[in-house]
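What follows is one structure encoded as structure tokens, with my remarks underneath.
Protein chains: 2
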Amino acid sequence: MNGATPSSADEIDALFRGAIRSGQLGDGERLPTVRQTAHDFGVAQATAAKAYKSLERDGLIVTRTAAGTRVAPGASRAPQAVIEHARALAEASEGALISLEDTIAILRAVWRTEATRLPR
Amino acid sequence: MNGATPSSADEIDALFRGAIRSGQLGDGERLPTVRQTAHDFGVAQATAAKAYKSLERDGLIVTRTAAGTRVAPGASRAPQAVIEHARALAEASEGALISLEDTIAILRAVWRTEATRLPR
DNA sequence: AATCTTGTGCTAGCTTTACAGCACAAGCTC
DNA sequence: GAGCTTGTGCTGTAAAGCTAGCACAAGATT
Chain A
-6 MNGATPSSAD
4 EIDALFRGAI
14 RSGQLGDGER
24 LPTVRQTAHD
34 FGVAQATAAK
44 AYKSLERDGL
54 IVTRTAAGTR
64 VAPGASRAPQ
74 AVIEHARALA
84 EASEGALISL
94 EDTIAILRAV
104 WRTEATRLPR
Chain B
-6 MNGATPSSAD
4 EIDALFRGAI
14 RSGQLGDGER
24 LPTVRQTAHD
34 FGVAQATAAK
44 AYKSLERDGL
54 IVTRTAAGTR
64 VAPGASRAPQ
74 AVIEHARALA
84 EASEGALISL
94 EDTIAILRAV
104 WRTEATRLPR
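Here the protein sequences come in this chain order: A and B.
The numbering of the first sequence is the numbering used here, which starts it at -6 and goes up by one.
The numbering of the second sequence is the numbering used here, which starts it at -6 and goes up by one.
Dropping the structure here:
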């Protein structure tokens, strides 16, 4: 469905979360202002703020009131192995013309295999 | 947050989509009835039906009115390589204590690297 | 100290989505 | 053909989430 432009607080949350944990946004790096993000994605300020709030609750970012929002020190720690596996999966899927959403569905299914199971 | 029990049409859609494309539900295999699924997940029938409708639109399942719903022939075709990469990623993430939701966020971020980019 | 920046909080209204519960239609089974 | 199974459709109701726009507080900047 989408994959280009987030349109809800959760999606914006996930977008930055991914950027941080994948290292695209490094330690201490500054995020766009709430207003800017709201404008970029065409959502209300309250929606962007909500996403930032969620990220802060999880310790991924630090906000200081007039100094903007920055990636929390040590937040971008996702082991390189994970990132590389993610990249490999992305390439394999795109090569097989499988959409991002479908790839995520597969990942979810595989994830369950090693813990929970289908109610079946 | 969740990861155990889907609570919306989209999530039920994704659950079965993943089960099918990952091969957990094979060609021709029967899905639970709409009523059963609604009951299992504690949602309204209309919600489960909506998910099934979406899956059918995408050609993943075939519904025949009194004979139930089955996986469409040839729908479970997700290249083995993709599934294996997904499994590898799942293991790496779980080993690093990274949640499913975070792993998905990372995957999304990595996905974009090879096509779109952050609006920045 | 004055001013600009930026995160936060609020209200009211709208849209989307799920719920409950039932009725119906198509078709399988015996 | 009778009856059960199962997907579909309908109604009205309720809850959740987003929008828009503004006001405020904390702090950076000059």
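Here a beta-carbon is modelled for each residue, glycine too, at the ideal position from N, C-alpha and C.
Quick caveat: nothing in here was measured; it's all calculated off a predicted structure.
Would you say residue i faces chain A, with C-beta separation under 8 Å as the test?
| i | result |
| --- | --- |
| L93 (chain B) | yes |
| R23 (chain B) | no |
| R50 (chain B) | no |
| R28 (chain B) | no |
| A85 (chain B) | yes |
Residue i touches chain B at which residues, Cβ-Cβ below 7 Å?
| i | result |
| --- | --- |
| G11 (chain A) | A98, I99, R101, A102 |
Just verifying my parser: in three-state terms, what is the DSSP assignment at residue i?
| i | result |
| --- | --- |
| G11 (chain B) | helix |
| E87 (chain A) | helix |
| R50 (chain A) | helix |
| V103 (chain A) | helix |
| T62 (chain B) | strand |
| T122 (chain B) | This structure does not reach residue 122 (chain B), given that chain B is present from -6 up to 113, and the question cannot be answered. |
| T56 (chain B) | strand |
| R23 (chain A) | strand |
| L18 (chain B) | coil |
| R70 (chain A) | coil |
| T96 (chain B) | helix |
| T30 (chain A) | helix |
Is there at least one Cβ from chain B nearer than 8 Å to residue i's Cβ?
| i | result |
| --- | --- |
| S0 (chain A) | no |
| Q17 (chain A) | yes |
| A7 (chain A) | yes |
Please return the same chain residues whose Cβ sits closer than 6 Å to the Cβ of residue i, not counting the five positions on each side in sequence.
| i | result |
| --- | --- |
| A44 (chain B) | A2, I5, D6 |
| G16 (chain A) | S69 |
| T96 (chain B) | S86 |
| L18 (chain B) | A12, V64 |
| R23 (chain B) | G61, R63 |
| P(-1) (chain B) | I5, L8, F34 |
Grab me the residues of residue i's own chain with a C-beta within less than 7 Å of its C-beta, minus the 5 sequence neighbours each way, in chain order.
| i | result |
| --- | --- |
| A65 (chain A) | G52, L53, I54, V55 |
| I13 (chain B) | L53, V64, A68, S69 |
| K46 (chain B) | none |
| R28 (chain A) | Q38 |
| L48 (chain A) | D6, F9, R10, I54 |
For residue i, which residues from the same chain have a beta carbon less than 8 Å from its beta carbon, with the 5 sequence-adjacent residues on both sides left out?
| i | result |
| --- | --- |
| T40 (chain A) | S1, A2, I5, A31 |
Against residue i, what residues of chain A qualify as contacts under a CB-to-CB distance less than 8 Å, listed in chain order?
| i | result |
| --- | --- |
| A89 (chain B) | A71, P72, A74, V75 |
- Can you list, in chain order, the residues of the stretch 58 to 83 of chain B whose Cβ is nearer than 8 Å to any Cβ on chain A? Shown in chain order are the members of the stretch 58 to 83 of chain B whose Cβ falls below 8 Å from a Cβ of chain A: A71, P72, A74, V75, I76, H78, A79, R80, A81, L82, A83.
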